Structures are given as C-alpha cells and as structure tokens.
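Before any comments, here is the structure.
So, in structure tokens, the structure goes:
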C-alpha cells in the first residue's frame, strides 16, 4: 500500500477530527486491538485533538496533536497501527514470525508466502483470516512489517502454498519515511 507512497505528493488535506469521530476511532481501535485497552489513553488521549491526514487513493492517516503518525486505513476499512506505534506498543497485535530467508523479501514489500511462515525459524500465532498482524523476523526484536492474513493459521499450515499474509506497511516504505504532520 505504501511501497510507492511519496508524502509530499500524496497528502491532499489535513483536518482535526470532530469529537464524535474521535470517539468512534477509539472504539474501533479497542474492537480491533483488545490488547491496547490498558494503553488507549496514552495512544489516543481523550482531551487531545486527533488529526486526519487525507491522502490519494482513499488512504487516511490518523495523527496525534503533536503530529506523530498513529494509525492508517484504506477507505473506511480496518485501522492499522503504524510501525512506529507498534514499536512502542508491540503487544497490541498478534505476531507472525518469518524465517531468515524471507526477511529481505518482506523489507522490499513482498507478500509473505505460506512456506516462509511454516519453515524452521518461523512462528505463528493462531488467528483467523483477515486479521491484522505484526510481522516479526527470526532473530530480531521489533516488527519489520504489518500485514493482513489472507488465510487462517490452520489453512496456512495445511495448504503451505501461496500468499499467507498480505504486506501492508513495512520498514523504510513511504509511510515509515513520512515526517510528523503539522
């Protein structure tokens, strides 16, 4: 999604969110990421305004009052945390770990194939299809990407062929390089 994202060209508008919209976003975050419940007031404080950065291709980026990028979504779909937020709160998403051979491909924006998730060195958390997950790498401590599962964990193990996780946002892509908004 952000492989060819150029912030200066793609950002079209920045607005402050209404309080009702902000409340809806808080509820959506808690619905999608139940592990963030204890930290929601640190991530999205009630008293601070939330900025909505509208971009081309129907992408919205949610930023804190200080300009820190927090979440993004395509159209009115699922909210995805940015990698910078995920590095601060690594427990808010289930983890899928790829083996060492897949790291270079993931960092260049490739989707994660089932064999990269089932080989030695890889680990999976039991999740359903269409779940937002953090992509970890064998031997690394922080997430290298955020993805959306295309198959459930059981299907990935049984089929072991094709795309298991769609790569949405990865280290050093356009969103990672985007500066804080003003």
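Residue numbers (our numbering): 2 to 183. The C-beta atom is built at its ideal place from N, Cα and C for all residues, glycine as well. Keep in mind it's a predicted model, so treat the numbers as computed, not measured.
Mark residue 7 as exposed unless 16 or more other C-beta atoms lie within 10 angstroms of its C-beta, in which case mark it buried.
exposed
Output the distance between the C-alpha atoms of residue 130 and residue 78, rounded to the nearest integer angstrom.
15 Å
Query raised in the report: By how many angstroms is the C-alpha of residue 29 removed from the C-alpha of residue 175?
Result: 25 Å
Notebook entry, point to check: With DSSP run on the structure shown, which of helix, strand or coil describes residue 148?
Noted result: strand
* Asked: Using the beta-carbon count (16 or more within 10 Å), is residue 168 buried or exposed?
  -> buried
| request: Could you pull the start and end residues of the beta strand (DSSP E) that residue 62 belongs to? | output: 60-64
### Simplified DSSP state of residue 49, which is helix, strand or coil
coil
What three-state label does DSSP hand residue 10 in the structure shown?
helix
* To do: Measuring alpha carbon to alpha carbon, tell me which of 42, 35, 52, 34 ends up nearest residue 22.
  => 52
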